[in-house]
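Chains as they are written, first to last, in the working numbering: chain D, 380 to 492; chain Z, 2 to 319.
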Amino acid sequence: MHELSIMQSALSIALEQARQAGGTRVHSIRLRIGALSGVVPDALEFAFEALTPGTAAADAKLAIEHVPARFWCAKCAREFQADDMFAECPECHTLSGEIRAGREMEVASLEID
Amino acid sequence: MCKECGCGLPGENPVGISAEHHEHGHGHSHDHDHDHGHTHEHEHEHAHEHAHGPGEHHGHDHDHAHTHPHTHSHSHTHGRTEHDEGHEAVAGERRTVEVRRAILDKNDRLAERNRGFFQARGLLVLNFLSSPGSGKTTFIREAVRALQPKLKAGVIVGDLATDNDAQRLRESGAPVVQITTGTVCHLEAEMVSRALKRIDLNGLNLLIIENVGNLVCPASYDLGEDLRIVLLSVTEGEDKPLKYPPVFQLADAVIISKIDLAQACGYDRETALANIRRVAPKARVFETSAKTGEGMDAWCRFIAEQRRERSERDPLNV
Numbered sequence: 380m381h382e383l384s385i386m387q388s389a390l391s392i393a394l395e396q397a398r399q400a401g402g403t404r405v406h407s408i409r410l411r412i413g414a415l416s417g418v419v420p421d422a423l424e425f426a427f428e429a430l431t432p433g434t435a436a437a438d439a440k441l442a443i444e445h446v447p448a449r450f451w452c453a454k455c456a457r458e459f460q461a462d463d464m465f466a467e468c469p470e471c472h473t474l475s476g477e478i479r480a481g482r483e484m485e486v487a488s489l490e491i492d
Numbered sequence: 002m003c004k005e006c007g008c009g010l011p012g013e014n015p016v017g018i019s020a021e022h023h024e025h026g027h028g029h030s031h032d033h034d035h036d037h038g039h040t041h042e043h044e045h046e047h048a049h050e051h052a053h054g055p056g057e058h059h060g061h062d063h064d065h066a067h068t069h070p071h072t073h074s075h076s077h078t079h080g081r082t083e084h085d086e087g088h089e090a091v092a093g094e095r096r097t098v099e100v101r102r103a104i105l106d107k108n109d110r111l112a113e114r115n116r117g118f119f120q121a122r123g124l125l126v127l128n129f130l131s132s133p134g135s136g137k138t139t140f141i142r143e144a145v146r147a148l149q150p151k152l153k154a155g156v157i158v159g160d161l162a163t164d165n166d167a168q169r170l171r172e173s174g175a176p177v178v179q180i181t182t183g184t185v186c187h188l189e190a191e192m193v194s195r196a197l198k199r200i201d202l203n204g205l206n207l208l209i210i211e212n213v214g215n216l217v218c219p220a221s222y223d224l225g226e227d228l229r230i231v232l233l234s235v236t237e238g239e240d241k242p243l244k245y246p247p248v249f250q251l252a253d254a255v256i257i258s259k260i261d262l263a264q265a266c267g268y269d270r271e272t273a274l275a276n277i278r279r280v281a282p283k284a285r286v287f288e289t290s291a292k293t294g295e296g297m298d299a300w301c302r303f304i305a306e307q308r309r310e311r312s313e314r315d316p317l318n319v
C-alpha cells in the first residue's frame, strides 16, 4: 500500500506549487502514471480522498493520465507500445529490456485560483 | 519516541535504525530536532529538510553557508513554469499551472546523493528485493562469507519490525545496521542515508541493502544502488515474474534461490527461466542454494567482476 505515501508526496508537491503560484484553492490535480510504475490508480484515488480534507485541495478533482509502456527494439530500430507490460516486439518478437516510457509517476499540472 | 532504534510508540517518524541490538541513547533524538530548527531561518526549507540527516546536528549553523547554494538552484528549477504563469495571472482567476515534477523527486535526489557518496568511497552497492521468505537473509549471509577473501561487505537490512535479520546477518562477521520501518513497506533513500551514519564503512568495498520483503513497493524507490538484485525461490512458483513485472523489469540480476528444494516442490526450471527472460531479458540469472553452496561461486565471480569494472571506470580511482 505505498500508494498512500506516493499520494502524500504528490499532494505536498501540488500544494507547494499552488502556494508558490499564488493560488488559494486547488480545483484539480493531474497526475501521469505509467503502466510500469507499480502504482494502482484506484488506490491513488482512495488515498487522495483520504488525504485532501482540510487542505487547499479539499474539493479538488484528481485526474490520472495513464502512460502506456513503450520499449525499444534494437533489431527493428523502432519503439513499440506494449499493452500487457511484456516487452515483445510486435514485428520481430524479440524481447526488449529497454524501457522507453511507462515508469512515470508525475504531478503534471494543477488548476487553481 | 526514540528515532534511533524505532522503539516505543510510533510517532510521526517511526523509522528506526540500529547498529547493535538496541542502543537506548535517547538523548540523541532531541538533538535531531535541531535539524528542523534551523530550516526556519530560510524560505527554502522544503528543498533541504532532509538534506541533513540525524547525526549531523553538531556545528550545523557554521556549515550552512556552504550547503545553501544548492538548495536555491533546486527551488528555481521547479518553480520556473508556474512563476511565469503566476505573474501574468490575476489573483482569484482560475488558471492552470504546469508542474511536471516527479512525485518521488525528493527520493530520487537523495538517491543520487547516496550514489555519489558510494562512488566516492569506492563501494559497490546492491539493493536486494524479493517476497518475504524467499531467502534473502540467508543468501546474503552466505554470499558475504563466500566473498570475504576478495571483498569486505557491510549490510543494511530493512524490516517493518525486529532486528532478527540483523542478528542472523551478523553471523557472517559483517557490520550490519537494521532499519525498522514501522509500517512503511519499502526502504527509501533517506532511510539508507541515515543508516550510513551508523555503519563503519572504512575498509568496506561492498554494501548490500536488504530491502523490506515485498515485490511491489520497493521497486519504485531508488536508493542509490549500483545493481538491483531480485531474488525468487523455487517454492514461489515459476510464474512469479509474470505476476510482478515491474520489479523484475528493473533487475540487473535475478537469483533463483533454494534450488536444493527444486525436486521436492516440482520446480519447472525451463518455464521459470523462460518467464524471467520474458520480463527481464537483460538480467543475469543465477541458480543458487545458500544451504548447499551450489551456484554461489558464479554469483561471487559476478560481484567481483562488477566491482572491478566499476573501479576501473571510476575517475577517482587512479
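From the three backbone atoms N, C-alpha and C, an ideal C-beta is built for every residue, glycine too.
Starting from the Cα of residue i, find the closest Cα among the options and give me that residue.
i	options	result
alanine 437(D)	Ala429(D), Ile443(D) and Glu483(D)	Ala429(D)
lysine 454(D)	Glu467(D), Ile443(D), Ala448(D) and Glu424(D)	Glu467(D)
cysteine 218(Z)	Leu415(D), His406(D) and Leu410(D)	Leu415(D)
glutamine 396(D)	Arg102(Z), Arg95(Z) and Gly17(Z)	Arg102(Z)
glutamate 490(D)	Pro432(D), Ala480(D), Lys440(D) and Ile412(D)	Lys440(D)
proline 316(Z)	Glu113(Z), Glu21(Z) and Arg122(Z)	Arg122(Z)
leucine 208(Z)	Phe303(Z), Glu172(Z) and Leu124(Z)	Leu124(Z)
glutamate 477(D)	Arg457(D), Ile408(D), Ile392(D) and Met484(D)	Arg457(D)
serine 312(Z)	Ile277(Z), Leu152(Z) and Ala275(Z)	Leu152(Z)
threonine 97(Z)	Glu485(D), Arg404(D), Glu424(D) and Ser384(D)	Arg404(D)
valine 255(Z)	Lys244(Z), Ile200(Z) and Pro282(Z)	Pro282(Z)
arginine 285(Z)	Ala190(Z), Asn215(Z), Ile210(Z) and Ala299(Z)	Ala299(Z)
proline 176(Z)	Ala305(Z), Val145(Z) and Thr293(Z)	Val145(Z)
glycine 296(Z)	Ile260(Z), Ala265(Z) and Asp269(Z)	Ile260(Z)
leucine 423(D)	Gly402(D), Ala435(D), Pro432(D) and Ala442(D)	Ala442(D)
cysteine 186(Z)	Arg116(Z), Tyr245(Z) and Tyr222(Z)	Tyr222(Z)
methionine 192(Z)	Leu233(Z), Ser132(Z) and Ile157(Z)	Ile157(Z)
cysteine 452(D)	Val446(D), Gln460(D) and Val418(D)	Gln460(D)
valine 486(D)	Ala400(D), Asp421(D), Gln399(D) and Arg411(D)	Arg411(D)
threonine 431(D)	Glu444(D), Ala400(D) and Ser391(D)	Ser391(D)
proline 150(Z)	Cys301(Z), Ile257(Z) and Ser19(Z)	Cys301(Z)
glutamate 239(Z)	Gly183(Z), Ala154(Z) and Arg270(Z)	Arg270(Z)
alanine 162(Z)	Arg309(Z), Glu310(Z) and Val16(Z)	Val16(Z)
alanine 220(Z)	Thr138(Z), Leu251(Z) and Glu310(Z)	Leu251(Z)
alanine 135(Z)	Ala305(Z), Leu224(Z), Arg279(Z) and Leu216(Z)	With the sequence shown as reference, residue 135(Z) is identified as serine, and alanine is not the correct amino acid for it. The residue with the shortest Cα to Cα distance from serine 135(Z) is Leu216(Z).
aspartate 492(D)	Pro447(D), His381(D) and Ala435(D)	Ala435(D)
glutamate 94(Z)	Ala393(D), Gln387(D) and Gly401(D)	Gly401(D)
What are the boundary residues of the beta strand (DSSP E) that residue i is part of?
i	result
aspartate 160(Z)	154-160
valine 446(D)	440-446
glutamate 320(Z)	Because chain Z is modelled from 2 through 319, residue 320(Z) falls outside the range shown and cannot be assessed.
isoleucine 16(Z)	Checking the sequence, you will find valine at residue 16(Z) rather than isoleucine. Run containing valine 16(Z): none; DSSP gives neither H nor E here.
asparagine 203(Z)	Asparagine 203(Z) -> no beta strand (DSSP E), and no H or E assigned at all.
asparagine 128(Z)	125-130
alanine 291(Z)	No beta strand (DSSP E) holds alanine 291(Z); DSSP gives it neither H nor E.
alanine 254(Z)	254-258
Can you look up residue i in the DSSP assignment and give me helix, strand or coil?
i	result
alanine 393(D)	helix
leucine 105(Z)	coil
asparagine 320(Z)	Residue 320(Z) falls outside the range modelled here, since chain Z spans only 2 to 319, and no answer is possible.
glutamate 99(Z)	strand
cysteine 452(D)	strand
phenylalanine 118(Z)	helix
valine 178(Z)	strand
alanine 400(D)	coil
asparagine 234(Z)	Per the sequence presented here, residue 234(Z) reads as serine, with asparagine not at that position. If DSSP states are grouped into helix, strand and coil, serine 234(Z) belongs with the strands.
glutamine 168(Z)	helix
histidine 41(Z)	Since pLDDT at histidine 41(Z) reaches only 43, below the 50 mark, its modelled position is unreliable, and no value is offered.
valine 486(D)	strand
leucine 111(Z)	helix
leucine 262(Z)	helix
leucine 228(Z)	strand
leucine 474(D)	strand
serine 173(Z)	coil
leucine 322(D)	Any question about residue 322(D) goes unanswered here, given that chain D covers just 380 to 492.
Determine the extent of the alpha helix (DSSP H) in which residue i is found, giving its start and end residues.
i	result
methionine 297(Z)	297-314
lysine 244(Z)	241-244
valine 145(Z)	137-148
phenylalanine 465(D)	Taken as a continuous stretch (DSSP letters only), phenylalanine 465(D) belongs to no alpha helix (DSSP H), as it is neither H nor E.
alanine 480(D)	Run containing alanine 480(D): none in the alpha helix (DSSP H); it sits in the beta strand (DSSP E), 478-480.
alanine 284(Z)	Note, alanine 284(Z): premise wrong, no alpha helix (DSSP H); not H, not E.
aspartate 421(D)	420-430
Going by the DSSP bridge assignment, what does residue i pair with across the sheet?
i	result
isoleucine 491(D)	Val405(D) and Arg96(Z)
alanine 196(Z)	Its beta-bridge partners do not exist; DSSP assigns none.
glycine 413(D)	Val446(D)
arginine 457(D)	Cys452(D)
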